[in-house]
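Accompanying notes for the structure given below.
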Amino acid sequence: MTKPGIRRLAALAVAAALPAAAALAQASVEGTVRLPKALHAPVMNKRYGIVAYAGVLSPYPPLAVVYLEGSFAPPAAPQAAQMVQKDLSFLPSLLPVRAGTRVEFPNLDSTYHNIFSYSPAKRFDLGRYRSDERPIPSVVFDVVGLVTLRCDIHEHMRALILVLDTPHFVLSDTEGRYRLEGLPGGSYVLKAWVDSKTTLSRPVDLAAGPALHVDFP
Amino acid sequence: MMLVVSAVTAAGLVFAQRGAASAAKSGFQGEFQGMLAASHAVQDVRDAALAERCRALARRPRIHAALEDGAPDLLYPSARDEMVDVMEAGREPAAYSLHARYYRFLDPRGRVITPPGPEEAGALAQKDEARLSMASLPDSQQTGYLIRGEGDTETVDELVAMPIVSSDSGETISAIVVGFKTPWAGGGAGGIRRGTWLGGRLAFPSLGQPERSAILGAMERAVAVPGPAEGSFEVPAGGASYLLFYKLLNPGSVFPPAYEVSVYPLADLLARQRRLLWQFGGAGALLLVGAFLASSLVSGRLSGPVERLAEDSEENRVHWRRAEAALEMTSRELQRSARFSADASHQLKTPVTVIRAGLEELLAGDHLRPEAREEVSGLVHQTFRLASIIEDLLLLSRMDAGRLQIQFSGLDLAPLLAGLLDDLSAFPDSFGLRVEADIAPVLWITGEKRFVSLILQNLLENARKYNRAGGRIRIGSRAEGGWAVVTVGNTGAPIPPSSQEHIFERFHRGAVGENVPGHGIGLNLARELARLHGGSLHLSASGGDWTEFELRFRLEPVAAPDPSA
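Chains as they are written, first to last, in our numbering: chain G, 33 to 249; chain U, 21 to 585.
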């Protein structure tokens, strides 16, 4: 064979192998999480993102966070996310992030807000600030767990930040349907966070190809 | 004749002696009740202020965060600012005091959450702190007692447990138990000594050992029998005899029952009675001797026992003076408590005014968004509510102390009712109520205008609040046999028969929850004011879809002015 011939053959071989390698990282999972019925409507007639009842915090309307548990490479670049305060509520009210993410809290209202948290996973108090104050306060969430955010001035404002140890997570829709893509092949545990007291789990074996269908429970 | 005379005189003497003995006994009982009533009036004011404080505490987001987000160590630091004027550390609390010695929070299972530092929320030994735990969180205010310390440091605390209710879900998330010094610590007047019995332990500072164990035994026998919550009996102890009164302090509470025990040494009373008996016996013997002598000496012999009666009634007068002195002390204490509650209400009114002024200033500026304006207006409305609660409590405490004077004058009910009806139709209500009026054109009564207004406003407000959609309110007034009769009726759910006896009690709220505004003082106040006017207020009908109250006043005896003049 000629030299360029060998090179072309090598290139072809690599090109042939690439899809296979890429296919290894292309597993996906989809399904439906059965969400608990919202126990009762919040008492006050305001837009509640998170309701507390009998010591359990849950999103209103109910949502789930589905994530893949396993050991993954640490993130290449520092991650960032945002949770705004608008119209006297947090948006989004349930925010899943990877551990080590810096979350910013811009105030888009014309009143003061004072975000704080007493959760063991992260205790902080950003103090009072208005929308035009710079720099915009932010916090790095480095401990895995559930962090409850509240506003000291507006008692109905609540939000949850779910700090996870994986880059593969997604929020379900209000019907409970989810789809996770770009997952590596192998054996892992797929988990669904439903509320502050309930996390369902299923062991899964991932492989490239059509999406695996997993329903919870 | 002589037999009849001696029999009659002997009978008279026996009755007089018995009368003297029971008068002394009921005199002491009266003083005992009077002291309890005075301390209860003050406790009502204190409990109302504490209830408002706990409601404010429940609204703080940091308290919710500490209880719900797994941060019990931050609970007490977050609550400290809210509780600072209840605690007032560093100042020696007075006998009748709003100031607490300590407070503790309970977790959702009723167990005490220990504060992080020893001086955070008042010092309390660990075994005493454990006695504050409850089997489950209470859903209403509870009163209990705690005896702690030994010997010289023995002290009795009064515990008030208030539930902390979440304002968004309405569930009870925690409770706070506050410990106060009992207002009657120490001895009483007129030789009565007071202590507390709780769970087989007796806290009685001024009593020696033999008397203490005898009283302990007597109390255990008395409370072992389930029966009336108060009583009295004689107790022999240490060679002397004592008269003992006991009264259950916290009926219906989930805390263990505690009794107040008062003892009076019967030693000198019995000695006097024995001397009285001897003197009566001696008089009787002399009577018999005199009866055996000439019958013409009967009148002279009668004067003998009568003189002795005069001597013995001198003894009775001493007893009466003692009882009067005790009553005088009670009335002085009542006045002191009335002054205190007047001071307390002034102290409570000033911050309310300050808060209202600050909120109204906020509203006057233009920095607020519409939702915030609504919230702030709601808060201003709450300050008016709080101010009216304080006014009502002040009025009640003045009435309790007997210091409310009605200035009677002629008053025509017709224009008063017409004015209130106008106010009623101007009030925005969500029920769409129809108002019917059947008012006599002229109806003169004797009373004071502002108190009569208060009673009628209260009844009309209730008729509006407890109504149903599309219902009606009916007001009638007529003269009937020397009385002016005013009826206020409304449609809506009737009052259940089991509650009907209790609706006029203080702080009774019935089956309504927190959604109907009110504080349960209204009907109690209205009935007491009606009574002070020489009239009456009672529930005349409650069943099906109709509830009606009937209010009576005395008609003014003079004729109404001639309308043509």
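Glycine included, each C-beta is placed from N, C-alpha and C at the ideal position.
When CB distances to chain G are screened at a threshold of 8 Å, the residues of the region 82-112 of chain U falling below it are R82, H84, A85, A86, E88, D89, G90, A91, L94, in chain order.
Listed along chain U are P81, R82, H84, A85, D89, each with a C-beta nearer than 9 Å to that of R182(G). Between E101(G) and chain U, the shortest Cβ-Cβ separation is not below 7 Å. Residue pairing for A181(U): DSSP places it in a beta bridge opposite Q162(U), V197(U).
With respect to the C-alpha of V97(G), the residue from Y150(G), K118(G), L126(G) having the closest C-alpha is L126(G). F148(G) and L192(G) have their alpha carbons spaced roughly 12 Å apart.
The residue among V455(U), P248(U), F404(U), I475(U) with its C-alpha nearest the C-alpha of L552(U) is I475(U). The alpha carbon of E170(U) has as its nearest neighbour, out of D148(U), L77(U), L87(U), S429(U), the alpha carbon of D148(U). In the displayed model, R66(U) falls within a helix according to three-state DSSP. Ranking T403(U), G398(U), F471(U) by CA distance to the CA of P371(U) puts T403(U) first. For L286(U), the CB contacts under 8 Å within the same chain, skipping 5 residues up- and downstream, are E254, A260, S261, Y262, L263 in chain order. Secondary structure at G190(U): coil, using DSSP grouped into helix, strand and coil. From the listed residues R572(U), G542(U), R232(U), R393(U), the smallest Cα separation to R405(U) is found for G542(U). Contact between R572(U) and S556(U) holds: CB atoms are separated by about 5 Å, below the 8 Å threshold. Take P92(U), set aside five residues on each side of it, and the residues of its chain with a beta-carbon closer than 6 Å to its own are I133, in chain order. At a cut-off of 7 Å between beta carbons, S151(G) contacts chain U. Residue contact with chain G for S397(U): absent (no Cβ-Cβ distance below 7 Å to any residue of chain G). Contact annotation, D197(G) with A131(G): C-beta distance approximately 6 Å; criterion of less than 8 Å satisfied.
Taking a C-beta cut-off of 7 Å against chain G, the contacting residues of the region 370-396 of chain U are R389, E391, A392, listed in chain order.
By the Cβ rule, the region 81-96 of chain G counts as touching the region 209-226 of chain G, because three or more pairs are nearer than 8 Å.
DSSP places L463(U) in the coil class of the three-state scheme, outside both helix and strand.
Take R211(G), set aside five residues on each side of it, and the residues of its chain with a beta-carbon closer than 6 Å to its own are E62, in chain order.
The beta-bridge partner set that DSSP reports for Y220(G) consists of V236(G). For S46(U), same chain residues with a beta-carbon under 6 Å away, outside a window of 5 residues either side, do not exist. For V83(G), the pairing in a beta bridge is given by DSSP as S90(G). Against E72(U), chain G offers no close residue; the least beta-carbon distance is about 17 Å (beta-carbon pairs closer than 7 Å). In summary, the residues of the region 93-123 of chain G whose CB is separated from some CB of chain U by less than 9 Å are D119, L120, in the order they occur in the chain.
Judged by DSSP secondary structure, G237(U) falls within the alpha helix (DSSP H) whose first and last residues are 229-244. Interface residue (Cβ-Cβ distance to chain U less than 7 Å): Y85(G) is classified as such.
At least one C-beta of chain U is nearer than 7 Å to the C-beta of E187(G).
Secondary structure at A438(U): helix, using DSSP grouped into helix, strand and coil. Residues of the region 212-246 of chain U with a C-beta atom less than 7 Å from some C-beta of chain G do not occur. In the three-state reduction of the DSSP assignment, K485(U) falls in the helix class. Of the residues assessed, V283(U) falls on the buried side of the cut-off, its CB having 16 or more other CB atoms within 10 angstroms. Along the region 222-238 of chain G, none of the residues has a CB nearer than 7 Å to a CB of chain U.
According to DSSP, residue pairing for Q114(G) in a beta bridge involves E136(G).
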